[in-house]
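Chemist: In this note's numbering, the protein residues as written are -2 to 93.
We put the beta carbon where it would ideally sit given N, CA and C, even for glycine.
Mind looking over this structure? Questions follow.
This is the structure in structure tokens:
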């Protein structure tokens, strides 16, 4: 769980869930994550067996990574459903 608690880890898993991506495309999708931070996080996910780096330099989920994405799917669905309400409540200073 410590691995997933590190900043950007869940976002990387989210972005790679649909399929492999190269570093530059992943970096573009990650917005304000620096290239150096993304590189460190990707290397850690490869080391732990969540991702693999393909010969064409793209990253993709391993079987363990795909199972992780499946386990996280309900959390992502909840987030998509409630994101707008939660953002509104936060901007109003409401503790919803």
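Residue 66 and residue 46 - do their beta-carbons sit closer together than 7 Å?
Modeler: Locating residue 46 in the chain shown gives position 49, where the first residue counts as 1. Locating residue 66 in the chain shown gives position 69, where the first residue counts as 1. No, they are not a contact pair.
Chemist: Could you spell out where the alpha helix (DSSP H) holding residue 34 opens and where it closes?
Modeler: The residue labelled residue 34 in the question sits at position 37 within the chain shown. Unbroken alpha helix (DSSP H) run through residue 34: 32 to 44.
Chemist: If you count every other CB in all the chains shown that lies within 10 Å of the CB of residue 72, and 16 or more means buried, which is it?
Modeler: Along the chain shown, read from residue 1 onward, the residue named residue 72 stands at position 75. Exposed: under 16 other Cβ atoms inside 10 Å.
Chemist: So residue 21 and residue 12 are supposed to be a Cβ contact under 8 Å. How far apart are they, rounded?
Modeler: One-based indexing of the chain shown puts residue 21 at position 24. One-based indexing of the chain shown puts residue 12 at position 15. Not confirmed; about 13 Å, so no contact.
Chemist: Of all the options -1, 10 and 5, which has the alpha carbon lying nearest to the alpha carbon of residue 58?
Modeler: Taking the first residue of the chain shown as position 1, residue 58 is located at position 61. Among -1, 10 and 5, the Cα nearest to that of residue 58 belongs to 10.
Chemist: On a CA-only basis, which of 88, 53 and 70 is nearest residue 14? Give me that one, please.
Modeler: Position 17 of the chain shown, counted from the first residue, corresponds to residue 14. Of the listed residues, the one whose Cα sits closest to residue 14 is 70.
Chemist: Does the beta-carbon distance from residue 32 to residue 24 come in below 7 Å?
Modeler: Position 35 of the chain shown holds residue 32. Position 27 of the chain shown holds residue 24. It is a contact, given that the beta carbons lie within the stated cut-off.
Chemist: Report the rounded CA-to-CA distance for residue 88 versus residue 79, giving the unit in angstroms.
Modeler: Here the question's residue 88 lines up with position 91 in the chain shown. Here the question's residue 79 lines up with position 82 in the chain shown. So the alpha carbons of these two residues sit roughly 14 Å apart.
Chemist: Nearest-angstrom Cα distance between residue 16 and residue 49?
Modeler: What you label residue 16 is simply residue 19 of the chain shown in a count that begins at 1. What you label residue 49 is simply residue 52 of the chain shown in a count that begins at 1. Distance between the alpha carbons of residue 16 and residue 49: 12 Å.
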